[in-house]
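Which chain is which? The protein sequence lines are A and B, in order.
Numbering of the first sequence is given in the numbering used here, commencing with residue 666 and proceeding in unit increments.
Numbering of the second sequence is given in the numbering used here, commencing with residue 21 and proceeding in unit increments.
Ideal Cβ placement from N, Cα and C applies to all residues, glycine included.
Notes follow the structure.
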Amino acid sequence: MSERFYLYPIWLRLWHAINAFMFLVLLATGLSMQYSNPDWPLIRFDLAVQFHNIAGIIVSFNYLIFLMGNLATANGAYYKMNWKTLFDDLLKQLNYYLFGVFKKQPTPFPINQSRKFNPLQKFTYVVTMYGMMPVIIITGLALLFPEMIIDKVFQSSGIFLTALLHTVVGFMLSMFLVIHVYFSTMGSTPTSNFKSMVNGFHEPH
Amino acid sequence: MRTLFILPLFVLAFFWSDFSVAQLMVDMEAPPTNAEMNQHCFDCHGQQVYSFENDFSGMIERKVMNPNYVLDTGAFYQGVHRHFACIDCHSPDYENFPHQSELRLDMMYSCIDCHGGDETYAQYNFDLIEEEFYQSVHSSRHDETFNCWMCHDPHAYKAMTRGDFSIGEIVKAHNQTCVDCHNDPVQFLRITDSIQPDLALVHDFIPNYDLHLKSVRCIECHTSQQDTLWVAHNILEKELAVKKCVECHSSNTMLMASLYKYQNIEARQNGFLNAVILNESYVIGANRNYYFNIISIILFGLAIVGILIHVFFRIKNR
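See the structure below:
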């Protein structure tokens, strides 16, 4: 095993921890509202609304910290995509996850100081953080202030379409969360990446 | 300023279809039957200012009409009583001017005086409306001077739920009936000596009160609903009002039996449970799409199965 190195600065770990906790709150309260049932309340509806709103606002501010942190520090560079080799790189990484990892092959894109993410991670993180997060934040804020939403879009309720988009993206982010947590177990040991979230040091394979 | 937050990608504009609504028995197309006769009254009561010849002085005098006696003639002829002559309900003695002062003390007809016990109007359930009214706080908390006209204006009454009105228009019109008294200190004093409470304050437990007031009617929560009655009239004690969010915010939303029953023939079309609500609004927890549910369960299931298979081979090849 190579020597561990410091890869996750404190601001990033704090941001990640807040994001993770708030994501769980949003997921639980969102599901509770979407599938609310008087006979089987997961979380009382009015409480679910309040907690969802509060967690949503915190995540929104947290997202601004992420954007500013990426602009102000070197962390932003980790998200720069190499579009020319993207497809091949994704295939290589996918091949590793599907087959290579079981054959004890070395990871094709080892993590180091200049490469924090493998191509598949980078691609999903960019789609998530720069694609889905803005959409869910904007639709969430719109639902928080529904008077800003136009009444009708092609004879359908504007609020409904906004909520539909919010729900669909929310579901995709939930899927991301499940897969993201699982892939976190694929470090040098199943728990090494979780330790990295606390101490900031990455343990290479 | 309104801002568009919707991506064109998510335009799902195919939910709208024609509704089957109960038919109104009034011919709204034909010219008003008694327009010519009524014009004699509207010459004065359709104006803010009226003029008359003073028999004593011989002069033409112009006076400001008491605002309570000014009628919107346009609204009258768009209302359900549009074919009526004024003297169908008011004394023929009103045809003389100056009107005799005691005419004001005449007992006015109530809805039930014309519509009660008549099979012609059976579909409107006037007798049931009267029954509900007598059970309501409007009757039990007030004396018999509280009549239909406290809430309904016979000169401009529209049968909102039986015409081609949208849910939004129905909500606006029906809620206006309530707030005309409950949000107006002067009107409120007509029926009670107590101070009119601030509606927003007493409803402060409702998130987005303004949006709720715009989207659902007061009677959704403040009445007991019966299937046979189109618009509930049994206004309950405030302690009995619906306060649980899930009564509306669930797939078994009570709104389907109240506000949306006028159009719920469309429910469950296009895969949307409670699809009818989508045309006008969005009720979290009440609008669920069957296909989206299935797709999301399948996708989530596939992800979990994929992870489990991956875990299995990781353990096996450890």
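Spell out the partners DSSP gives residue i in its beta bridges.
i      : result
A/S822 : A/K817
B/T243 : B/I255
A/H867 : A/F670
B/S71  : B/R82
A/N777 : A/R780
How close, in whole Å, do the beta carbons of residue i and residue j come, if the pair is a contact with beta carbons under 8 Å?
i      : j      : result
B/L44  : B/G136 : Not quite, the Cβ-Cβ distance comes to about 19 Å (not below 8 Å), so this is no contact.
A/T832 : A/Q699 : 6 Å
B/N254 : B/S244 : 5 Å
B/P174 : B/H101 : 6 Å
B/C198 : B/I211 : Not really, about 13 Å apart at Cβ, beyond 8 Å.
A/T809 : A/N740 : Note on residue identity: the sequence assigns Leu, not Thr, to residue 809 of chain A. A/L809 to A/N740, Cβ: 29 Å. No contact.
A/S725 : A/I802 : 5 Å
B/A323 : A/V846 : The Cβ separation is near 11 Å, so there is no contact.
B/A252 : B/E152 : 7 Å
Taking only the alpha-carbon atoms, compute the straight-line gap between residue i and residue j and give it to the nearest angstrom.
i      : j      : result
A/T750 : A/Y744 : 15 Å
A/S754 : A/N858 : Inspection of the sequence shows that residue 754 of chain A is occupied by Asp rather than by Ser. Answer to the nearest angstrom: the Cα atoms are 22 Å apart.
A/F841 : A/P784 : 16 Å
A/L736 : A/L677 : 13 Å
B/Q289 : B/Y302 : With a pLDDT of 48 at B/Q289, under the threshold of 50, the predicted position of this residue should be treated as unreliable, though the coordinate-derived value follows. Near 16 Å, if we compare the C-alpha coordinates of B/Y302 and B/Q289.
A/I675 : A/H870 : 23 Å
B/P87  : B/Y70  : 12 Å
A/K860 : A/V800 : 31 Å
B/Q59  : B/S121 : 22 Å
B/I314 : A/F836 : 13 Å
B/L221 : A/T738 : 48 Å
A/S822 : B/S214 : 40 Å
B/C171 : B/T165 : 12 Å
B/V325 : B/F312 : 20 Å
B/S159 : B/E257 : 11 Å
B/D224 : A/W705 : 26 Å
B/R334 : B/F320 : 21 Å
B/S235 : B/G78  : 57 Å
A/V863 : A/S779 : 21 Å
B/I80  : B/A50  : 37 Å
A/D711 : B/I226 : 8 Å
B/I318 : A/N702 : 22 Å
B/Y63  : B/M57  : Residue identity check: residue 63 of chain B is Asp in the sequence provided, not Tyr. Distance between the alpha carbons of B/D63 and B/M57 is about 11 Å.
A/M733 : A/S849 : 25 Å
Within a Cβ cutoff of 7 Å, which residues of the same chain sit near residue i, ignoring the five residues on either side of it in sequence?
i      : result
A/A713 : T694, S697, M698
A/Q758 : P773, F774, N783, P784, L785
A/I776 : H867, P869
B/Q207 : D200, C201
A/K781 : L672, Y743
B/T248 : N145, L148
B/D92  : A176
Flag this pair as yes or no: are the beta carbons of residue i and residue j separated by less than 8 Å?
i      : j      : result
B/A105 : B/N54  : yes
B/N337 : A/F767 : yes
B/F96  : B/A179 : no
B/M274 : B/C265 : no
B/N228 : A/F825 : no
A/G865 : A/Y673 : yes
A/M813 : A/A807 : yes
B/I304 : A/A720 : no
A/Q770 : A/Y761 : yes
A/F670 : A/H867 : yes
A/P811 : B/L231 : yes
A/M746 : A/V792 : no
B/F72  : B/F117 : yes
B/S111 : B/D126 : yes
Apart from the five residues just before and just after residue i, which ones in its own chain have a Cβ nearer than 6 Å to its Cβ?
i      : result
A/S839 : L692
B/H194 : R237
B/S278 : E240, Q245
A/L707 : S697
Tell me which same chain residues have a C-beta within less than 8 Å of the C-beta of residue i, skipping the five on either side of it?
i      : result
B/Q67  : M85, V90
B/M128 : C109, N167, W169
A/N727 : W680, I683, N684, M687
B/Y114 : C61, C106, I107, L123
B/D47  : H103
A/L830 : V800, T804
B/D204 : Q216
A/P855 : none
A/K817 : G823
B/K83  : V69, Y70, S71, F72
B/I190 : M180, T181, R237, L279, Y282
How about residue i: is its Cβ closer than 7 Å to a heavy atom in the ligand NAP?
i     : result
B/L91 : With respect to the ligand NAP, the structure shown offers nothing to examine, as it has no ligands at all.
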